[in-house]
Structure formats: structure tokens, C-alpha cells
Amino acid sequence: MSKSPDIAGHYTRGDLFDRLQAALREDGVDPEQPSVATLAPYDQFHGRGLEVTEEIAGEIAETLTVTPEDHLLDIGSGIGGPARYMATRFGCRVTGIDLTEEFCAVARRLTALLGLEARVDFHQGNALAMPFADGGFAGAYSMNVSMNIADKAAFYGEIHRVLKPGGWLMLSEIALGPGAGPGGGPGGGPDYPTPWAATPASSFLVTPKQTEEGLRAAGFEGIRLRETREEALAFGARSREMVERGEKPPHRAVQLVHGAEAATMAANTARAFAEAAILPIEVHCRKPA
Ligand SMILES: C[S@@+](CC[C@H](N)C(=O)[O-])C[C@H]1O[C@@H](n2cnc3c(N)ncnc32)[C@H](O)[C@@H]1O
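Position 199, counted from 1, in the sequence shown is what my numbering calls 206; the numbers after and before it change by one each time, with no gaps.
Given below as C-alpha cells:
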């Protein structure tokens with residue numbers, strides 16, 4: 008049973024590029040000349056947006072060497088903000104893969120506007136069957152994607168396959184928290200819709216422990232997992248204060264992608280974070296050398 012059509016449908020509206028251009032104009036940005044910075048409120052489509060991408064990049068910079076010859080993989084690359092950020096920061100090549108065709112099309116157009124198309128490319132496809140050779144990527148990352156993937160073993164296994172020996176994987180995602188109740192079964196977890204799923208039928212949350220076990224079973228080692236609940240709560244509080252002051256919040260991707268439904272999604276997510284029904288996590292691991 009494939010969940011793919013429902014998931015791509017959840018993210019597709021058909022006029023995303025036009026709405027992004029309108030949002031940029033409203034910000035006083037020339038939509039024909041955006042930058043990594045002016046796109047960041049919209050093209051970093053995960054909790055805390057650019058803040059998390061910078062954290063992940065900071066950890067990469069501290070613990071790993073990324074050279075311009077390296078090729079990184081962005082799994083579930085959305086409209087490409089994280090891929091363009093990593094390529095710009097490290098001077099490396101980045102390939103993104105995403106199920107949602109409209110996201111890939113918008114990602115390519117934005118990448119061309121930034122003149123990064125020689126180093127950043129996007130494939131429409133499924134993370135569970137990637138059209139990439141074994142062992143080609145020096146590193147991979149995936150931000151807020153696994154929540155849409157039921158078969159975690161296949162997901163981790165496929166990433167492991169395409170990494171070089173010694174290649175690294177960074178995950179930033181939402182896990183099931185202790186507030187979800189035992190096992191987090193039906194009735195546990197957040198209320199829906201959320202930014203990643205309209206209903207529980209396309210949401211596949213697991214606990215941090217299950218994530219670690221899954222990665223280990225797939226052959227990853229050196230697994231380090233960090234819960235970032237405090238950061239998420241602080242970011243939410245800061246954003247609410249900005250809105251109360253009449254300013255735009257720093258993260259506007261959910262609003263851009265989901266339009267009128269975004270407010271309900273954000274409220275459901277904020278409540279689930281507050282109740283610890285969900286937990287944001289960042290994970291770092293490696294394929295053995
Ligand atoms: C919340 S968005 C995150 C996008 C991007 N990682 C970012 O942070 O800006 C989740 C993305 O995962 C993609 N996705 C979900 N399931 C997928 C799968 N099986 N294969 C590839 N992409 C998938 C969706 O199409 C969507 O673009």
C-alpha cells in the first residue's frame with residue numbers, strides 16, 4: 008500500500024511559486040533577485056526554520072570536513088532552502104530528492120535565480136527507492152521528513168546504501184514524546200492537521216529510542232541524539248511576541264505552503280510541543296568506514 012500520492016497531495020496547491028513571489032514582494036524583496044537570506048523565512052520548511060539549518064551546518068563544520076569536491080544528499084528537500092544554504096556555506100555540491108513534484112519545480116527555479124544550478128539539483132522521487140548509485144554521497148541530511156515515512160527500516164537502509172563508507176547522516180525531525188501516552192498509539196501524539204500531515208493516516212511518528220534502534224539496525228554507528236524541545240518552545244514564544252508587536256514571525260513556510268490551514272496546524276503543533284506529545288530531535292550518525 009503506497010502512501011505517496013496522499014503525501015505529495017498534502018504539500019501541493021499548484022500555485023506555490025506565484026504565492027512565494029507575492030510574499031517576497033510584500034517583504035520589499037525583488038522576487039527576481041532573492042538571496043539565501045531573503046528566502047529563508049519561506050524556503051526552510053521545518054520547525055525553527057533557518058535556525059535549525061544553521062545548527063546542523065554548525066555541527067557539520069565542527070565535527071566533519073566538507074570540501075568543494077564533496078557531494079551531499081538532502082532527503083525530502085522541499086523547495087530547497089537547506090540545500091542552497093549548505094552549498095553556499097560549504098561550497099560543495101548538493102542533490103535533493105523529494106516526493107512532491109511542485110516543490111522540486113519551485114526548488115529548481117529558486118536555485119536558478121540564485122545562480123546555484125551548477126552545484127544544486129533536485130530529483131522528484133521517493134526516499135525509499137532513490138535513483139542514486141551505491142556509496143556516492145559523502146554526507147546526507149534530512150529535515151522534518153521521516154514523519155511522513157511509515158517504513159523507517161527501508162528509509163534508513165536506503166540512506167545507508169547511497170552513503171560512502173564513513174559517510175555521515177544528520178536528521179532533524181519530530182519524534183513522539185512522553186506526553187503522547189504509552190506507545191503513542193491511536194489517540195496519542197498531536198491533534199491533526201499538522202504541517203506534515205492532514206490526518207494520522209499519513210503521520211508516522213516514533214520515539215527517540217525507536218529512532219536510535221532503527222538507525223543502529225540499519226548499520227549506522229556513533230549515534231548521537233539531542234532533544235531540542237526547549238529551543239522549540241523558546242522559538243515559539245519569540246515568534247508569538249513578534250506577532251503581538253505587529254511584526255512578521257521569522258518562520259513563514261507553513262503559511263506559504265498551507266495557506267488558510269496553517270494557523271490550525273501551527274496551533275496543534277504548539278500544543279503538542281507544550282504537552283510533550285511530540286519532541287523535536289537532532290540526530291547525528293555514520294556509516295562505518
Ligand atoms: C516538512 S517538508 C520539509 C522540506 C525540507 N526538508 C525543508 O526542511 O525545507 C517534508 C518534505 O518531505 C517530503 N517527503 C515526504 N515523504 C517523502 C518520501 N517518501 N520521499 C521523498 N520525499 C518525501 C515532502 O514532499 C516534503 O517536501
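Virtual Cβ for every residue (Gly too), placed ideally from N, Cα, C.
| Check | Outcome |
| --- | --- |
| Backbone secondary structure at Val213 - three-state DSSP | coil |
| Contact set for Met272: own chain, Cβ-Cβ below 7 Å, skip 5 residues either direction | Pro200, Thr201, Pro202, Val261 and His265 |
| Cβ-heavy atom distance, Ala47 to ligand 3, below 7 Å | Among the ligands present in this structure, namely ligand 1, ligand 3 is not found. |
| Inter-residue Cα distance where the pair is Thr19 and Ala134 | 18 Å |
| Other residues of its chain near Leu46: CB distance less than 7 Å, five sequence neighbours each side excluded | Gly88 and Leu117 |
| Same chain, Cβ closer than 8 Å to Ile230, five either side skipped, listed in chain order | Glu219, Leu222, Arg223, Val290, His291 and Cys292 |
| First and last residue of the uninterrupted beta strand (DSSP E) at Gln131 | Val127 to Gln131 |
| Straight-line gap, His53 to Ala296 (C-alpha atoms, nearest Å) | 30 Å |
| Close Cβ partners of Leu240 (< 8 Å) along its chain, the five nearest in sequence each way excluded | Phe280 and Ala281 |
| Beta-carbon spacing of Leu99, Pro75 below 8 Å | It should be pointed out that residue 99 corresponds to Cys in this sequence rather than to Leu. Cβ atoms of Cys99 and Pro75: closer than 8 Å. |
| Test item: CB-CB of Ser179 and Asp13 under 8 Å | no |
| Per-residue DSSP class, three states only, for Phe144 | strand |
| Beta-carbon gap between Arg259 and Tyr92 smaller than 8 Å | no |
| Three-state secondary structure assigned by DSSP to Glu254 | coil |
| Gln40 classed as buried or exposed, judged by whether at least 16 other C-beta atoms fall within 10 angstroms | exposed |
| Close Cβ partners of Arg126 (< 6 Å) along its chain, the five nearest in sequence each way excluded | Ala94 and Arg100 |
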